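Chain order of the listed sequences is A and B.
The numbering used here puts the first sequence at residues 76 to 223.
The numbering used here puts the second sequence at residues 575 to 664.
All residues carry an ideal CB built from backbone N, CA and C; glycine is no exception.
Only a predicted model underlies this, so the values are computations on that prediction, with no experimental measurement involved.
This report refers to the structure that appears directly beneath it.
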Amino acid sequence: MPDFKAFLPDSSFALDVPASDWRDAIRKAGDRLVASGFTTDAYTDQMIETVEKMGPYIVIAPGLALAHSRPGDAVLGTGLSWVRLSTPVEFGNKANDPVSLVIGLAGRDEQEHLQVMSAIAGALTNKEKTAELAQAQTPEQIRSILES
Amino acid sequence: MDILCVCGNGIGTSVLLKVNVEQVASDLGMDVNVTTSDAGSAKGTANMNDLVLTSPQLAPELEGTTTPVETVENFMDTDEIKSILERYAD
């Protein structure tokens, strides 16, 4: 089991915060990555550019966006951020809008974050855990649901 | 069978998809080898695989490949992934 406290520290969470639109939502996920020492501000801009260039494919499940860009100089370490929106926003993805959870991802290489992604996939494919994650009140609770 | 999961950068959504595809394949008793790629380089590697999985937004980038391309709308819905894999199970 990966060390969630390292990949998802308290500083990487923003729970029930407002976002004016999808760019603002991604920016908030980027800010949490920066605050946790995983990325520089340039990475936040790259995550927004990814959607501008390739479309809202990062909205990979109903209500869930996985904001990310490529490994590069703007990535200082492998980690995630977890931004739960108080009001869902539209990303322009017909099948999966609106988005209420933005997970920011910074990866130095695929291997390093594969374990974390596996744990997240395990939780988010489980409807009960997904519901629990939406209700959880603290970073600690969210980590323990992902770890369970 | 060899399956290629494609996303914009080859590091985020395709990795999540790979994890779920491997889980579903193991439930179905299918022997699969799953790799990931970004959309740009996928055109070159797609032909070395038996199946390509990607999102509806990125499928146009793979036009022209001879390998079947299937799109997944909900990467976290193992039933959707299962229904695709079942069609390629033989």
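The DSSP assignment places complete alpha helix (DSSP H) segments of no fewer than 4 residues inside the region 181 to 221 of chain A at 185 to 199, 202 to 210, in order along the chain.
The secondary-structure analysis by DSSP pairs Ala142(A) across a beta bridge with Gly179(A).
Around the beta-carbon of Met622(B), fewer than 16 other beta-carbon atoms lie within 10 Å, marking it exposed. Rounded to whole angstroms, the separation of the alpha carbons of Val608(B) and Ala170(A) is 25 Å. Annotation: Met575(B) to Leu141(A) spans about 28 Å, alpha carbon to alpha carbon.
Residues are counted here when their Cβ sits less than 7 Å from a Cβ of chain B; for the region 172 to 194 of chain A these are Leu180, Gly182, Glu185, Leu189, Met192, Ser193, given in chain order.
For Ser161(A), DSSP assigns no beta-bridge partner whatsoever. Residue-level contact check: Cys581(B) touches chain A, since one or more beta carbons of chain A fall below 8 Å from its beta carbon.
Of Glu207(A), Thr205(A), Ala110(A), Leu189(A), the smallest CA-CA separation from Leu151(A) is found for Ala110(A). By the C-beta density criterion, Arg661(B) is exposed, having fewer than 16 other C-beta atoms within 10 angstroms. Listed along chain B, the residues sitting closer than 8 Å to Ser144(A) by beta-carbon distance are Asn583. According to DSSP, Phe88(A) shares a beta bridge with Trp157(A).
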